[in-house]
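Accompanying notes for the structure given below.
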Amino acid sequence: MSENEKIILSVLGNSGVGKTSFIMKFTDNTFQESYLATYGIDFKTKYVNINNNKYRVDLYDTAGQERFRSISINSIRMSDGVILIYDITNESSYENISTWMDNIYDIKGKGFPVIIIGNKCDKEEERQVPKKKGEELAKRYKITFFETSNKIGTNIEETVLKIINQIIENNIRDTDNSIKLRRNRAKDKNSCC
Ligand code: GTP
Ligand code: MG
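Residues 32 to 224, numbered by the numbering used here, are exactly what the sequence shown covers, in order.
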């Protein structure tokens, strides 16, 4: 991956879990209590520096409402990684994570960079999903898990930096593998002719 490369992240999850709020907190460091559901799809950009390289990060803000599901799922095709969100105060948003994971792996295959986050961890008194359940779920898929709060800013940057690092590592591994593959092909050629 070269300098100034664009990284596309899709932010997915049920309606109201905090996808738009997550993106606003990460890109503008702002938070709003009022709720306006996302219609269709939106996106915001932020530049980040990692290991002295500058990356343009485009975050697709998808709609959680069922009627926009095909647009949201379509965004997976264009993305390099997914941030998948449930709301710790809403059990059904947690239960839906496995359906989202099925959609992601159907399109991108296992091993595609995904991070699961349990959002609204500032609302401890309304919690319906124990942290342990989030950790167990992520362990089942062998992926990273964070609990976050867009309101107080817990683990927002950490989540994005973690997934970008995974994408970069994957990319290096893929490049390595294709170089090795090319080398092996060249060797095969040499040995037969
Ligand atoms: P859709 O666009 O309908 O898919 O929803 P969304 O996932 O984009 O949710 P959104 O970011 O609009 O947030 C829904 C509501 O939850 C808003 O009222 C936010 O203020 C609130 N909210 C989001 N994140 C947090 C959080 O970390 N803590 C608290 N207390 N409220 C949050
Ligand atoms: Mg939204």
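Even glycine gets a Cβ: it sits at the ideal position worked out from N, Cα and C.
- Runs of the alpha helix (DSSP H) lying entirely within the segment 95-123, each at least 4 residues long, are 100-109 in chain order.
- Relative to ligand 1, Thr69 has its C-beta within less than 6 Å of a heavy atom.
- Between the alpha carbons of Glu155 and Tyr117 lies a gap of roughly 15 Å.
- Annotation: the continuous alpha helix (DSSP H) that includes Asn134 extends over Ile128 to Lys139.
- Across the set Ile203, Phe53 and Leu192, the C-alpha of Leu192 shows the shortest separation from the C-alpha of Tyr86.
- Of Ile102, Ser103, Gly44 and Phe177, the smallest CA-CA separation from Ser129 is found for Gly44.
- Where Tyr172 is concerned, the enclosing alpha helix (DSSP H) starts and stops at Lys162 to Tyr172.
- For Tyr66, the closest C-alpha among the options Ala94, Val79, Glu200 and Lys164 is that of Ala94.
- Between Lys75 and Thr51, the gap from beta carbon to beta carbon reaches 7 Å or more.
- One Cα belongs to Asn83, the other to Lys37, and the distance between them is close to 15 Å.
- Here Ser124 has Gly44, Asn45, Val48, Tyr117 and Asp118 as same chain residues with Cβ atoms under 7 Å from its own Cβ, once five neighbours each way along the sequence are excluded.
- Leaving aside the five residues that flank Lys56 on each side, the residues in its chain whose CB is nearer than 7 Å to its CB run, in chain order, Phe62, Asn181, Gly184 and Ile187.
- Annotation for Ser52: the continuous alpha helix (DSSP H) segment containing it runs Lys50 to Asp59.
- Of the other Cβ atoms in all chains shown, fewer than 16 fall within 10 Å of the Cβ of Met109; this residue is therefore exposed.
- Here the distance from the Cβ of Thr61 to the nearest heavy atom of ligand 2 is not below 6 Å.
- Here DSSP, grouped into helix, strand and coil, assigns Ile147 to strand.
- Proximity of the beta carbon of Lys139 to ligand 2 is not indicated: no heavy atom of the ligand is located closer than 6 Å.
- Comparing alpha carbon positions, the residue from Asn127, Ile194 and Gln159 closest to Gln96 is Asn127.
- By DSSP's assignment, Asn84 forms a beta bridge with Ile81.
- Pairing Ile146 with Thr190 gives a Cβ-Cβ distance under 7 Å.
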